[in-house]
Amino acid sequence: MKFSILLNFEEIKLPPFQDILILGKNSPQGKIGISKSFEFLVPNGFEIIEVEDEKVEAVFINRKILKKMPKEKILKILKERVFPFISEDELIKVDFKVNISYNLIEEEI
Amino acid sequence: MKIETFVRCDFPVAHPFTDVNFLKSTLLKHSVVVVQDENQHWGVLTLSDMIQKNHILVADCLTQEKIISVDNSLTEALEKMKNEKTEVFSVYQEDKFIGLLFKNDILDFLQEHSNDLEMAISLKEKFYEIIAHDLRSPFNVLLGLTELLYKNIDSYSKEKIEKLAKQVYDSTFSTFGLLQNLLDWANSQRGNIQFSPQILNLQEVVEEKISILTTVALQKEIRLSHYLPDNCSVYADKNMLLSILRNLIFNAIKFTPRGGNVVVLAEPNCNFVQISVKDTGIGILPNVREKLFQSKELISTQGTLHERGTGLGLMLCKEFVEKHGGKIWVETELNEGSEFYFTVPQKKLF
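Taken in sequence, the protein lines are chains A and B. With positions in the first sequence counted from 1, the corresponding number in my numbering is that position plus 211. With positions in the second sequence counted from 1, the corresponding number in my numbering is that position plus 149.
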């Protein structure tokens, strides 16, 4: 008998997303269950924002992102660009990298 | 009426972080599962929650709990259930969950009591009917007889006056019996009748009753007698026992043709004494016999001399005998006679 094994490994981080999670209204995992698991995995790491939407129940946003952008602005972007593609039984992981750049820094000498 | 007595505390309980699939069979059996952990009450999971919410954890399937304060009345609770379209409420007392209130429990209770109410109304109607018909007639007789007497007392002979006075007495006697039954019945319906059993000499009680009813028996030339064991004692309420004997002996006289016999018998039987009133009367038809002791249906039959009756007497007898823990029944044969039996304890049993 002969085995053939394809082996690879890599580091992961929990939870398996780092920026934003969008929770569909009918996804198997509910808001309370996910919040509880976050409490154990990354205490104070994410903020839950409940959303008034047909398909989306809540959005979990990494607090590091909220430090850089107001949540209203983030929600506006998500509503326009992501929500239209979501089914109500889905959990969607969103990569949301924020780059902050200044065009010009002027200081008096 | 407050909802307090309807609050159920025998409900299944689940932890909020349980897989809802594990609770399916419990939910199908009990309709609800109370969700709580060591520290707090989370809510109530219903079948409707499970259908509406498609999550894995119980905590995620919970919808807003429908609550009611324990101070609410049944009517208020039903109204709230209708408005909130729910079959079950979580009941709270001063912000603390104390149990569940089910709509079906209230409806079952109301259904049960509406039957009682219907029966009470029907008995009340019968009561008015008795007053209207059975009491009115003897009073008409009394009015007529006493009018005759006071208008003609100077012109009537002593014999005529004696005859009229006798008729007045007879009418008054039977009316008094009816009034006594009505009063006993009304009191028993209101739960006002006192039950004070004591050791009684049966012979003394039976003789007391027979001496009163001898006049009535004599009018129909009926021989009224008793055969009782020596020193036979019973543990009974004297007024109730007298009422039972009065009704059974009076009925026996009523349904026995002129020249017959009515006899009171007794024999000890285990812890009870079996007393019977036997007559040589007309007997009872099978269809009437079946309904004799049913409180739902008062059976009234005219006596051999068209004596009136209300059917209240036997109903009272049954109630009073059962109050003593005894039984009452009848053995009868058409045109041969009837024997009414009842049992009362010989001594204090409990």
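We treat Cβ as the ideally placed atom computed from N, Cα and C, and that holds for glycine. It should be emphasised that the depicted structure is a prediction, and the values quoted were computed from it without experimental measurement.
Name, please, each residue of chain A whose Cβ falls closer than 7 angstroms to the Cβ of Asp186 (chain B).
In chain order: nothing, as chain A lies at least about 11 angstroms away.
Smallest Cα separation from Ala208 (chain B): which of B:Glu225, B:Ser218, B:Leu227, B:Val183?
Of the candidates B:Glu225, B:Ser218, B:Leu227, B:Val183, the one whose C-alpha sits nearest the C-alpha of Ala208 (chain B) is B:Val183.
Skipping 5 residues on each side, what residues in its chain have a beta carbon closer than 7 angstroms to that of Phe421 (chain B)?
The residues are Gly475, Thr492, Val493, Pro494, Gln495.
Around the C-beta of Tyr376 (chain B), are 16 or more other C-beta atoms found within 10 angstroms, so that it is buried, or is it exposed?
So Tyr376 (chain B) ends up on the exposed side.
Would you check if there are 3 or more beta carbon pairs closer than 8 angstroms linking the segment 298-311 of chain A to the segment 165-175 of chain B?
No: the two stretches stay apart, fewer than three of their Cβ pairs being nearer than 8 angstroms.
Do the segment 181-195 of chain B and the segment 220-234 of chain B meet, that is, are 3 or more Cβ pairs less than 8 angstroms apart?
With a cut-off of 8 angstroms, the segment 220-234 of chain B and the segment 181-195 of chain B do not count as touching, because too few Cβ pairs lie within range.
Within the present structure, is the beta-carbon of Glu258 (chain A) separated from the nearest heavy atom of the ligand GDP by less than 7 angstroms?
Inclusion of the ligand GDP in the displayed structure is not the case, the ligand content being empty and no account of it being possible.
Helix, strand or coil: how does DSSP classify Ser487 (chain B) here?
Strand.
Three or more beta-carbon pairs under 8 angstroms between the segment 187-199 of chain B and the segment 270-278 of chain A, yes or no?
Touching, no, given that fewer than three Cβ pairs across the two stretches are closer than 8 angstroms.
Residues in the segment 232-251 of chain A with C-beta within 9 angstroms of chain B's C-beta atoms, listed in sequence order?
Within the segment 232-251 of chain A, the qualifying residues are Lys236, Asn237, Ser238, Pro239, Gln240, Gly241, Lys242, Ile243, Gly244, Ile245, Lys247.
Does the Cβ of Ser323 (chain B) have 16 or more other Cβ atoms within 10 Å, making it buried, or fewer, making it exposed?
Counting Cβ neighbours within 10 Å, Ser323 (chain B) comes out buried, since at least 16 surround it.
How about Lys242 (chain A) and Phe166 (chain B): are their beta carbons less than 8 angstroms apart?
In this structure, Phe166 (chain B) does not lie closer than 8 angstroms to Lys242 (chain A) by Cβ.
Can you tell me where the beta strand (DSSP E) with Val154 (chain B) in it begins and where it stops?
The question names Val, but residue 154 (chain B) is Thr in the sequence shown. Looking at the DSSP string, Thr154 (chain B) is not in any beta strand (DSSP E), and its letter there is neither H nor E.
Measuring only the C-alpha atoms, how far is Pro239 (chain A) from Leu302 (chain A)?
Rounded to whole angstroms, Pro239 (chain A) to Leu302 (chain A) spans 9 angstroms at the Cα level.
Restricting to Cα atoms, I'd like to know which of B:Val156, B:Phe344, B:Thr481, B:Val437 is closest to Glu471 (chain B).
The option with the nearest alpha carbon to Glu471 (chain B) is B:Phe344.
In its own chain, which residues sit with a C-beta less than 7 angstroms from the C-beta of Gly432 (chain B), not counting the 5 before and 5 after it?
Taken in chain order, the residues that qualify are Thr481, Glu482, Leu483, Asn484, Glu485, Gly486, Ser487.
Bridge partners of Arg372 (chain B), per DSSP?
In the DSSP output, where bridge partners are listed per residue, Arg372 (chain B) has B:Asn410.
If you reduce the DSSP assignment to three classes, tell me which class Asn388 (chain B) lands in.
Three-state result, Asn388 (chain B): helix.
Check this for me: beta carbons of Ile342 (chain B) and Asn350 (chain B), under 8 angstroms apart or not?
It is not a contact, given that the beta carbons lie outside the stated cut-off.
Alpha carbon to alpha carbon, what distance is there between Ile216 (chain B) and Asp230 (chain A)?
Going by the C-alpha atoms only, they are around 39 angstroms apart.
Which one or two residues does DSSP pair with Trp478 (chain B) in a beta bridge?
B:Tyr490.
Should the segment 424-442 of chain B be regarded as contacting the segment 388-408 of chain B, the criterion being three or more beta carbon pairs within less than 8 angstroms?
Short answer: they touch.
Within its chain, find whatever has a CB closer than 6 angstroms to the CB of Leu206 (chain B); leave out the 5 residues flanking it on each side and keep chain order.
Excluding residues within five positions, the ones whose Cβ falls inside 6 angstroms are Phe166.
What residue ranges within the segment 278-350 of chain B form continuous beta strand (DSSP E) runs of no fewer than 3 residues, ordered along the chain?
Those beta strand (DSSP E) runs which fall completely within the segment 278-350 of chain B and span 3+ residues are 346-350.
Please tell me whether Val479 (chain B) and Phe489 (chain B) are closer than 8 angstroms, where the distance is taken between their beta carbons.
A contact, by the Cβ cut-off of 8 angstroms.
Taking DSSP's pairing of strands, which residues face His190 (chain B) in a bridge?
DSSP output for His190 (chain B) lists B:Gln185 as bridge partner(s).
Taking the alpha helix (DSSP H) that Gly244 (chain A) belongs to, which residues open and close that run?
Taken as a continuous stretch (DSSP letters only), the alpha helix (DSSP H) holding Gly244 (chain A) covers 242-252.
How many Å lie between Gly293 (chain B) and Thr154 (chain B) at the Cα?
Taking the straight line from one Cα to the other gives about 57 angstroms.
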